[in-house]
Amino acid sequence: MAVQENISAYLPVLAADGVSVRFGGVQALDNVSLDVGDGEICGLIGPNGAGKTTFLNAITCLTRPQRGSIQLSGRTISDAAVRDIIGLGIARTFQNVGVYGSMSVLENVMLGAHHKMGGKVARALLNPFGAWAEERTVRRQAEAILDELGMSALSAARADSLPYPLQKRMEIARALAAEPRLLLLDEPAGGLTHGEVSEFGKLINTIRHSRKLSILLIEHHMGLVMSLCDRIHVFHLGRNLASGRPEEIRTNEAVIAAYLGRSE
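Its first residue numbered 208, the sequence shown is counted upward by one per residue in our numbering.
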């Protein structure tokens with residue numbers, strides 16, 4: 208009975224059920240389902256064209272599914288406005304680092320908090336004292352995040368002066384400024400050396416525990432995925448291919464065939 212009660216009480220942070228997305232004659236996602244548990248790091252892998260980024264776009268409402276549902280902690284978000292996604296508790300990084308080069312590192316991170324505050328910023332601007340107080344709060348939060356990620360000494364530097372690995376780290380900091388429950392990472396290890404990937408993995412695991420975050424990670428670096436993720440979901444040609452623990456996925460014949468191009 209105790210086991211059944213625990214199962215029935217399980218409420219994932221992210222739950223996607225039967226999601227389908229078509230672009231003209233291309234079926235990008237075909238009835239895919241997956242979930243991410245509270246405090247869990249889940250990998251989403253698959254060959255190029257498997258539908259991974261389209262799925263993240265569906266979660267963040269940049270793409271609207273024709274069928275299926277997407278829920279965040281039990282709340283349906285499939286029909287949410289794009290501008291509301293951050294406020295609902297979802298933050299995302301992209302394959303290409305988004306850097307506001309002429310702004311400082313601190314200012315870049317502060318943007319993440321401003322995006323979450325949305326209308327609160329506009330209301331604060333109607334009151335000079337309120338605007339000052341909000342700005343001070345956002346600045347302190349951003350400074351704390353940079354300190355947490357070991358970037359305090361770089362807060363005043365121009366963002367475009369940072370080496371690429373630190374720009375990646377700054378993008379994570381900006382996402383954390385939105386105080387998400389769910390963090391979506393789209394190929395965060397792209398362009399990093401082997402040593403940098405290892406350090407990046409340690410960083411992600413640290414912030415997962417310190418902030419009690421749930422994370423969905425798209426990544427082609429299999430070493431990072433296998434060492435970091437609690438579970439892995441595999442897409443192939445827009446469909447679910449496999450789900451399981453890293454050790455199960457590593458030896459899954461269907462997954463091996465999809466990556467190596469062998470017929471099953």
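Every residue gets a Cβ at the ideal spot worked out from N, C-alpha and C, and that includes glycine.
Just verifying my parser: in three-state terms, what is the DSSP assignment at residue i?
i: THR344; result: helix
i: GLN374; result: helix
i: VAL226; result: strand
i: SER311; result: strand
i: ASP245; result: coil
i: ASP291; result: helix
i: ARG365; result: strand
i: ARG271; result: coil
i: ASN447; result: strand
i: THR458; result: coil
i: GLY408; result: helix
Counting only the same chain and skipping the five closest in sequence on each side, list residues whose C-beta sits under 8 angstroms from that of residue i.
i: SER311; result: SER362, ALA363, ALA364, ARG365 and ALA366
i: PRO387; result: ILE293, GLY296, ILE297, ALA298 and LEU420
i: THR283; result: SER276 and ILE277
Throw me the rounded Cβ distance for the residue i and residue j pair, which I believe falls under 8 angstroms.
i: ALA265; j: PRO272; result: 5 angstroms
i: TYR371; j: GLY398; result: 6 angstroms
i: LEU383; j: ARG418; result: 7 angstroms
To which residues of the same chain is residue i closer than 7 angstroms at the C-beta, ignoring the five residues directly before and after it?
i: SER285; result: PRO272, SER276 and ILE277
i: PRO453; result: MET433, CYS436 and ILE439
i: ASP245; result: VAL220 and SER421
Following the continuous alpha helix (DSSP H) through residue i, name the residue where it begins and the one where it ends.
i: SER421; result: It is not in any alpha helix (DSSP H) - SER421 instead sits in the beta strand (DSSP E) that spans 421-425.
i: SER276; result: Per DSSP, SER276 belongs to no alpha helix (DSSP H); it is in the beta strand (DSSP E), 274-279.
i: MET433; result: 429-435
DSSP puts residue i in a beta bridge; with which residues?
i: ALA298; result: LEU390
Can we count residue i as close to the ligand FMN, meaning its CB is less than 7 angstroms from some heavy atom?
i: THR413; result: The ligand FMN is not part of this structure, which contains no ligands at all.
Along the chain, where does the beta strand (DSSP E) that runs through residue i open and close?
i: ARG452; result: Taken as a continuous stretch (DSSP letters only), ARG452 belongs to no beta strand (DSSP E), as it is neither H nor E.
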